[in-house]
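In this note's numbering, the protein residues as written are 112 to 290.
Read through the structure below, which is laid out as structure tokens, and then see the notes.
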Ligand code: AR6
């Protein structure tokens, strides 16, 4: 696990499942525009949250790439889910700007809702095809740049699904954060 602390905020990269972050106020969903269940992160989150999540999501859809909306966590161990729509690589452009907007929008919502701790998956790096190292660079830059603006948020955890994704994130976050 990689970790860093500045501006009263701790940033971590760890391996795990986004639906199993019991100690955190909020988790982020790598959503689709319709905010429906699907594969990957969205499938896992909707399965763990139960049907109440889809019901709450329905009137909030559709969302555009880079946007985020917030719901309750339903049967998840977390109070909130923040749903972000990442760019489809090669289709929604410019990809780095849209992916940056996801992280910024999610963190803005978290601070508005007095959320203290939040977990992100590697948005857009699965079904949406964003090369993982490029996406990690965007994520690290977006979070590093946003740290001075955090009010309630004091823990930001990136939850990577396998060793390869974890190692890439550890390396890129260390280079970006200098720690
Ligand atoms: N916990 C953490 N990371 C995970 C998990 C998990 N349970 N499951 C997968 N990953 P994806 P996207 C990793 O496809 O690219 C969905 O069907 C995965 O290895 O979930 O933004 C939606 O409905 C990858 O690195 O999100 C959308 O249509 C990363 O999480 C579309 O896919 C993101 O993979 C969104 O595509």
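Quick reminder that beta carbons are idealized off the backbone N, C-alpha and C, glycines included.
Computed from a prediction, not measured in an experiment: that's the story for all the values here.
C-alpha gap between residue i and residue j, whole angstroms
| i | j | result |
| --- | --- | --- |
| residue 203 | residue 215 | 17 angstroms |
| residue 172 | residue 164 | 13 angstroms |
| residue 143 | residue 178 | 11 angstroms |
| residue 243 | residue 139 | 17 angstroms |
| residue 183 | residue 282 | 33 angstroms |
| residue 261 | residue 218 | 8 angstroms |
| residue 289 | residue 112 | 15 angstroms |
| residue 264 | residue 174 | 24 angstroms |
| residue 270 | residue 167 | 25 angstroms |
| residue 191 | residue 180 | 10 angstroms |
| residue 251 | residue 188 | 26 angstroms |
Distance cut-off 7 angstroms: residue i Cβ against heavy atoms of the ligand AR6
| i | result |
| --- | --- |
| residue 283 | no |
| residue 128 | yes |
| residue 163 | no |
| residue 232 | yes |
| residue 216 | no |
| residue 237 | yes |
| residue 269 | no |
| residue 151 | yes |
| residue 143 | yes |
| residue 154 | yes |
| residue 289 | no |
| residue 276 | yes |
Where residue i falls: helix, strand or coil (DSSP)
| i | result |
| --- | --- |
| residue 234 | coil |
| residue 140 | strand |
| residue 135 | coil |
| residue 167 | helix |
| residue 258 | helix |
| residue 239 | coil |
One or two residues paired with residue i in a DSSP bridge
| i | result |
| --- | --- |
| residue 214 | According to DSSP, residue 214 bridges with nothing at all. |
| residue 116 | 121 |
| residue 271 | 126 |
| residue 191 | 137, 183 |
| residue 148 | According to DSSP, which records beta bridges pairwise, residue 148 is partnered with nothing at all. |
| residue 266 | 121, 228 |
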